Amino acid sequence: MLEISNLSKTYQRGNKEALKNISLKIEEGEFTALLGQNGAGKSTLINILAGNVKKTQGIVKIGQYSIDKNELETKKIIGIVPQDTGYDFVFTVDEALKNQSGYFGIKNNDDYIDELLEALYLKDKRNARLRDLSGGMRRRFLIAKALVHQPKILILDEPTAGVDIEMRHTLYEFLIKLHQSGTTIILTTHYLEEAEILCNRIVIIDDGKIVADEPKEQLMDSFSDEVRIELHFDHELNLADLEFLKGYDPQIEEKTSLKLKVQKKDLSKVFRMITDKKLEFTNIFVEKPKLEEIYLKLISH
Amino acid sequence: MKKRIIFYNRTGFTTLLNREIHRFMKVPVQTVLAPLISNMLYLAIFGGMLQTRQVGIDGVNYLHFLVPGLASMGAIFAAFQNPAFSIISQKFQNTIQDLNSYPISNAEKILAFVFGGVFRGVLVGLLTYAATIFFVGYEIEYPVFFVLSLTATSFVFASLGLICGLIFDNFEKMNFVLAIVITPLAYLGGVFFEISKLPGLLAAIKYINPIYPLVNVARFAFIGVYEGNIQVQIIITVVLILGSFLSASYIFKKGIGIKTV
Ligand SMILES: Nc1ncnc2c1ncn2[C@@H]1O[C@H](COP(=O)(O)OP(=O)(O)O)[C@@H](O)[C@H]1O
Ligand SMILES: [Mg+2]
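As you go down the protein sequences, you meet chains Z and G in turn. Take the position in the first sequence, starting the count at 1, then add 287; the result is the number in this note's numbering. Take the position in the second sequence, starting the count at 1, then add 203; the result is the number in this note's numbering.
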């Protein structure tokens, strides 16, 4: 669906090497999160796909088309919600979406526009001017705009940055439905729990290079050698009595619960050590690492 | 498979063209009425003042001489401003990159912007003519040819306007080009008087001034009288059309003003 081979980008301004020999293959139906710090190169990658930035080197294929040989064909396959973009303020939502359809060669698109506006809770804003929409509405409008030609791939560059929680959840619902109906989605975001909820594949870019690219479950598993366990006791604890657990980063919370970081292979050993000391716990919780921790590990320099 | 360039996406092309026309038709006072009024002022002042002096072509009523010049000049400014203004506003609105996302060929995009300018240029040119009917009568020697000449002139300057819009990132630079390059070329291009009446070096500017043949061809169509070699001027007009379109194509292909390198 999307094939990127040995892609590099050095911006002329500042001679900045933003992408360093990146290869990435996205299959039809995937929901991929593209993660990375500010300045990692996410938008550069997306802007190359969009035709806004000229690549320095490499091959990019969207569908079966190369962006060098069949650029125009690639436009029909992707829809892009850019990170920072403006609005043609004088138009109404309806006019802008009709124009957008026209640019894609679609003459009568009213039914689909209706559907999109309904799904994005913009129906009553149909005749509002873009300049009169709130920030959240404009974001949703941009998504509708990127979708009028029913692209096979939707790429969203930080669509939820600065959007309130409720709006974010509305968007999640929408994206999940869109994905279920067969659209391949690529999403960059700063909210890691967003990637965790929505995506089935995680790609992490750091300093212009891909440092992780795996199905989400696999990525999580490969980092779950270490688990966090939380033990609850029916009496107060004292750190001094827990000297023997020093290697497992013991922490006492609310006086009666104990948190530990333990390698999976050491789990039974640790439990044995605790019971040997005649400490009786009343409850136990095991916590897998969060994507956030994995992410921080991967990008730490 | 042969690549279709001109008719790759006709609906896309018309949508883009409609937007370009819609944009200036929404503010007709600034875009159409204002140039018309200034042309009327020129006609009143220069026409009234210079009628008795021999500045036009010998034996031709000076007002008749002036009308095609003013119509051409109006077309030049209007055609130039339309795409230039459109592109620069899109840069300001930060929507210019939308152009990269459409499946519309470069040739179609260029022609949409240029035809938008042509439409406005020809409209201003013809309205200038219409407004002078009261003073000079409605007769045109070769009406179709006159419209064609306004179209040609508008095409050349709409292409230049598009190029300037892509190259420049603010309105001040665009206005600078209008004031420092195009206005003087128009004044020295035979809009108001016969160039050969100018002294020495100033008269020689006509050889490098693209406006000179354009105005002359329009005047020939209007009154049937001309200065210099009209065949050569028609050929130059065609060359200017092709040259300006190819230059715009080059700028577009390079992605200047719309793509980041
Ligand atoms: N137009 C540009 N000209 C020069 N450098 C740029 C340009 N755009 C981005 N960069 C640089 O390229 C790097 C990657 O930026 P970007 O792709 O925007 O990162 P991200 O989207 O991951 O935050 C950054 O160092 C940024 O400063
Ligand atoms: Mg970014």
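Positions of the beta carbon are idealized from the N, C-alpha and C atoms, including for glycine. On a predicted model such as this, the values are computed, not experimentally measured, just so you know.
Item	Value
Nearest to I291 (chain Z) (by Cα), restricted to the options Z:L332, Z:R515, Z:G316	Z:L332
Of the listed residues Z:K363, Z:P446, Z:I492, Z:I309, nearest to D371 (chain Z) (C-alpha basis)	Z:P446
Below-8 Å beta-carbon distance, T372 (chain Z) vs any chain G residue	yes
Residues of its chain near N256 (chain Z), where Cβ-Cβ distance is below 6 Å and the 5 sequence neighbours each way are ignored	Limits of chain Z in this structure are 288 at one end and 588 at the other, which puts residue 256 (chain Z) out of reach.
Minimum length 3: unbroken beta strand (DSSP E) runs contained in the stretch 449–510 of chain Z	471–475, 488–493, 496–502
Residues of its chain near T569 (chain Z), where Cβ-Cβ distance is below 7 Å and the 5 sequence neighbours each way are ignored	H519, F520, D521
Touch test, the stretch 216–232 of chain G against the stretch 376–389 of chain G, Cβ-Cβ under 8 Å, three pairs minimum	no
Chain Z contacts from the stretch 303–332 of chain G (Cβ-Cβ distance under 7 Å)	N303, S304, Y305, P306, I307, S308
Contact list for the stretch 229–254 of chain G against chain Z, Cβ threshold 8 Å	K229
For G460 (chain G), the three-state DSSP class (helix, strand or coil)	coil
T217 (chain G) versus A407 (chain G): straight-line alpha-carbon distance, rounded	42 Å
C-beta neighbour in chain Z for N297 (chain G), strict 8 Å	yes
Where N212 (chain G) meets chain Z, residues with beta-carbon distance less than 7 Å	G392
Secondary structure of M204 (chain G), DSSP reduced to three states	Caution applies to M204 (chain G), whose pLDDT of 42 falls short of 50 and renders its modelled position unreliable; the model cannot decide the point.
C-alpha distance - F283 (chain G) paired with G389 (chain Z), whole-angstrom precision	26 Å
Residues bridged to E290 (chain Z) [DSSP beta-bridge criterion]	Z:K312, Z:K348
Bounding residues of the beta strand (DSSP E) (the contiguous stretch that carries S308 (chain G))	Run containing S308 (chain G): none; DSSP gives neither H nor E here.
Within-8 Å CB hit, T354 (chain G) to chain B	Absent from the structure is chain B; the protein chains it does hold are Z and G.
Nearest to A320 (chain Z) (by Cα), restricted to the options Z:N339, Z:F572, Z:T476, Z:L311	Z:T476
Where R300 (chain Z) falls, given that 16 or more other Cβ within 10 Å makes a residue buried	exposed
Beta carbon of G446 (chain G) nearer than 8 Å to that of L369 (chain G)	no
Three-state class that DSSP yields for S421 (chain Z) in the structure shown	coil
Pair within 8 Å by beta-carbon distance, I430 (chain Z) and L407 (chain Z)	yes
For G277 (chain G) and V347 (chain G), believed in contact at Cβ under 8 Å, the rounded distance	V347 (chain G) to G277 (chain G), Cβ: 19 Å. No contact.
Ligand 1 heavy atom lying under 7 Å from the CB of Y352 (chain Z)	no
Minimum Cβ-Cβ distance from L219 (chain G) to chain Z less than 8 Å	yes
Helix, strand or coil at R222 (chain G) [DSSP, three-state]	helix
The stretch 333–340 of chain G / the stretch 363–380 of chain G touching (three or more Cβ pairs under 8 Å)	no
Partner residues on chain G for L434 (chain Z), Cβ-Cβ distance less than 8 Å	The premise fails here: L434 (chain Z) is roughly 12 Å from chain G at the closest Cβ pair, so nothing lies under 8 Å.
Contact with chain Z by K205 (chain G), beta-carbon distance below 8 Å	For K205 (chain G), the pLDDT reaches just 48, beneath the cut-off of 50, and the residue's location in the model is therefore unreliable, leaving the point undetermined.
Where the alpha helix (DSSP H) through V418 (chain G) begins and ends	414–426
Where Q550 (chain Z) sits in the DSSP three-state scheme	strand
Selection from Z:L384, Z:D444, Z:I354, Z:I586 that minimises the alpha carbon distance to I492 (chain Z)	Z:I586
CB-CB length for D536 (chain Z) against A327 (chain Z), believed under 8 Å	With a Cβ gap of about 30 Å, D536 (chain Z) and A327 (chain Z) do not count as contacting.
8 Å Cβ cutoff met for Y374 (chain Z) and R413 (chain Z)	no
Neighbour-count burial assignment, V230 (chain G), 16 or more Cβ in a 10 Å radius	exposed
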